[in-house]
Amino acid sequence: MLGVRFWVFGFGSWVLGVGYLVLGFGVGFGKKINEMKKILITGGAGFIGSHVVRLFVTKYRDYHIYNLDALTYAGNLENLTDIEAAPNYTFVKGDITDADFISELFEQHAFEGVIHLAAESHVDRSIEDPLAFVKTNVFGTVNLLNAAKKQWSNAFEGKRFYHISTDEVYGSLGVEGLFTETTAYDPNSPYSASKASSDHFVRAYGETYGLPYVLTNCSNNYGPNHFPEKLIPLFIHNIIANKPLPVYGDGNYTRDWLFVEDHARAIDLVFHQGAAQETYNIGGFNEWKNIDLVRLLCSIMDGKLGRRPGKSAELITYVKDRPGHDLRYAIDATKINQQLGWEPSVTFEQGLEITVNWYLSHPEWLDHVISGAYLNYYDLKGEK
Ligand code: NAD
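Heads up, the sequence shown is in numbering that gives the first Met the number 0, so the first residue is 0 and it goes up one at a time.
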């Protein structure tokens, strides 16, 4: 059973891995897989997960990184073409909602750590189909917790289950205040309710069974490889294509934005240095009203595309509001800053510039996502 579904890019990776060694990229890869620390990263073909996988594969050459992803519409292996041949990387196509599969996978590989990002992540989709979010975000997380608990069978020394969550579990803020780690959960969308539920299960496994976990709640991410159903990449795409820029309501919704590579750096830090059974908020101290963000993006894009100033902003159109729309999210990231020394490495203007440059220099990535061609990448690898 597992053999059928456990299609890995292993063989191709080993062959191409020779190339890595020749190129010197592989210096430090001396160990066989069984001698390496095995880390399972779920959702590694998605937006944030792909940045985390890249960071771990390139930084920790004595780890073997298993990227488990179901390759839903949001999973894109074209995000990882630069590291797919690394000898310390294996892709596993599989679904976290399949309890037997997950259990077998843990039995087959003695994972020492789990970094869990796989999720249904789009609020609008959760309004259309809440049950899909319960299935993946709640049921899938509990499957992973069960498998880790069983595999580690109460010998928890050196083990770590890292659950990646969102600031949306805290609900909505008024015009003032910040979410801290002790803010009561008050989710408003089916997405945030499912993430809140999964967070509670992670804590419950920590309390009830002593499973060593860390949990982080992060604000909105942006950066390269972001699926263009989300605000920033959608608007970059629409500005290029001269299509309308649909802004919800009056545009006064406020979000705290963080560059995705800074989130990946924070995940690295918390995974290695965070205290067990602790929660950390991650955020950019970078609040923007949607309309101000869109105007900034339009002005950057005017410059990049050689358009007269103000041209792209003419594409802004106000559309009917999303039900249950939270007014404002803002994260207090003091704890991770003071206890682990983390802070964002780029300003929003710098991060947005990097992001826009990436989209403009990777038109094929965007084309493949828009056309759906990225969905064939796994099959085209020829290992199926
Ligand atoms: P994403 O939608 O880009 O990626 C999710 C990945 O999970 C995809 O590769 C998808 O194929 C995979 N996946 C979905 N269902 C699966 C299943 N049943 N089994 C295995 N894999 C499955 O999401 P993202 O934006 O990268 O978010 C990653 C995590 O970070 C999520 O847990 C999300 O809640 C959290 N988060 C996201 C943000 C943000 O701004 N994007 C902010 C804070 C926290």
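Each residue gets a CB set at the ideal place from its N, CA and C atoms; glycine is no exception. Small disclaimer: the values here were computed from a predicted structure and weren't measured.
Straight-line Cα distance separating residue j from residue i
i           : j           : result
residue 344 : residue 54  : 15 Å
residue 138 : residue 66  : 19 Å
residue 166 : residue 176 : 14 Å
residue 247 : residue 112 : 40 Å
residue 63  : residue 159 : 15 Å
residue 261 : residue 342 : 8 Å
residue 119 : residue 97  : 15 Å
residue 94  : residue 227 : 23 Å
residue 141 : residue 150 : 14 Å
residue 179 : residue 306 : 42 Å
residue 187 : residue 202 : 21 Å
residue 302 : residue 131 : 41 Å
residue 41  : residue 244 : 32 Å
residue 35  : residue 61  : 6 Å
residue 376 : residue 85  : 18 Å
residue 265 : residue 242 : 35 Å
residue 379 : residue 206 : 45 Å
residue 386 : residue 278 : Any property of residue 386 remains undetermined from this structure, which presents the chain solely from 0 to 383.
residue 339 : residue 168 : 23 Å
residue 273 : residue 251 : 35 Å
residue 74  : residue 337 : 34 Å
residue 181 : residue 275 : 16 Å
residue 173 : residue 99  : 44 Å
residue 373 : residue 70  : 10 Å
residue 236 : residue 268 : 33 Å
residue 19  : residue 83  : In this prediction, residue 19 has a pLDDT of 43, which is less than 50 and means its spatial position is unreliable; nothing more can be read from the coordinates.
residue 2   : residue 117 : Any reading at residue 2 must be qualified, since the residue scores a pLDDT of 37, below 50, and its modelled position is unreliable; no value is offered.
residue 39  : residue 129 : 27 Å
residue 289 : residue 249 : 9 Å
residue 292 : residue 326 : 15 Å
residue 294 : residue 157 : 48 Å
Whether residue i touches residue j by CB criterion (8 Å)
i           : j           : result
residue 332 : residue 280 : yes
residue 102 : residue 78  : no
residue 143 : residue 115 : yes
residue 335 : residue 297 : no
residue 350 : residue 161 : no
residue 164 : residue 214 : yes
residue 224 : residue 46  : yes
residue 358 : residue 254 : no
residue 330 : residue 171 : no
residue 110 : residue 37  : yes
residue 56  : residue 87  : yes
residue 257 : residue 283 : yes
residue 155 : residue 209 : yes
residue 44  : residue 81  : no
residue 212 : residue 148 : no
residue 146 : residue 105 : yes
Contact test: residue i Cβ vs the ligand NAD heavy atom, cutoff 7 Å
i           : result
residue 70  : yes
residue 280 : no
residue 120 : yes
residue 41  : yes
residue 297 : no
residue 263 : no
residue 220 : yes
residue 270 : no
residue 164 : yes
residue 94  : yes
residue 135 : yes
residue 273 : no
residue 54  : no
residue 371 : no
residue 250 : no
residue 46  : yes
residue 302 : no
residue 332 : no
residue 73  : yes
residue 139 : yes
residue 226 : yes
residue 98  : no
Those residues which DSSP pairs with residue i across a bridge
i           : result
residue 96  : Partner(s): none; residue 96 has no beta bridge.
residue 291 : Paired residue(s): none; residue 291 is not in a bridge.
residue 388 : Because the chain in this structure spans residues 0 to 383, residue 388 falls outside the shown range and cannot be described.
residue 162 : 115 and 214
residue 247 : 318
residue 255 : 286
Closer than 8 Å is the cut-off here; do at least three beta carbon pairs connect the segment 307-324 with the segment 194-204?
no
Using 8 Å as the Cβ pair cut-off and three pairs as the minimum, do the segment 310-319 and the segment 356-373 touch?
no
Is the number of C-beta pairs between the segment 349-364 and the segment 224-238 that are closer than 8 Å three or more?
yes
Any chance the segment 181-193 sits against the segment 112-126, with 3 or more Cβ pairs inside 8 Å?
yes
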